[in-house]
Amino acid sequence: MVSVKDTSLYSEVIKEFNYSFGTMFVFKEYVVSEINEGVVLNWEDHAKIFTNDIANFLGTKGVNTILISNRINSYSTIASDWLKFFKNNYSLKAYLIVSDEKTARLGIMTENLFFNKKIKKFNSLYEAVNYVKSGLIEIK
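For the sequence shown, the working numbering assigns the number 10 to the initial residue and increments by one for each residue that follows.
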């Protein structure tokens, strides 16, 4: 697994948000998250902060963003906190997870219980980005 910073994609970043818990890379068509090792990602301490920052930067009011979770580190999420995300009138056009871990399937299944669309998994960041750029994202 490779960080955005170590790829040719980094030159396309239009804004980088650095936090104590991870980094968000904003591109023209999508956002890539990279959460730090060992973080327990939750709404109040993490997701609310970067969701607001990204929505304000893009001027989207927090809707129709494509999020690619580039899981280069091992961390966990509070899957039920997706309910808080939606309760605050945020939505994603698509949610893609990049992970080469076989154990990621269980986490994705758990997140899918609370996420209101299908989560798509990829083995590499380039696969996920190509999926977005090829226009394969379904609008619902």
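We treat Cβ as the ideally placed atom computed from N, Cα and C, and that holds for glycine. Every value quoted in this text rests on a predicted model; they were computed, and no experiment measured them.
Excluding its 5 nearest sequence neighbours in each direction, ILE58 has C-beta neighbours in its own chain below 8 Å: TYR28, listed in chain order. The beta carbon of PHE124 sits closer than 7 Å to those of TRP91, TYR104, all from its chain and outside the five residues before and after it, given in chain order.
For THR86 against GLY71, the beta-carbon gap comes to about 18 Å, at or over 8 Å, which does not count as contact. In the three-state reduction of the DSSP assignment, THR119 falls in the helix class, which pools H, G and I. For GLY31, the number of other beta carbons within 10 angstroms of its own is at least 16, and it is reported as buried. By the Cβ rule, the stretch 43 to 54 does not count as touching the stretch 15 to 25, because fewer than three pairs are nearer than 8 Å. Within the model, the alpha-carbon separation for ASN82 versus PHE36 is close to 21 Å. Annotation: LYS102 to PHE94 spans about 14 Å, alpha carbon to alpha carbon. In this structure, the beta-carbon distance from SER108 to LYS129 does not fall below 8 Å.
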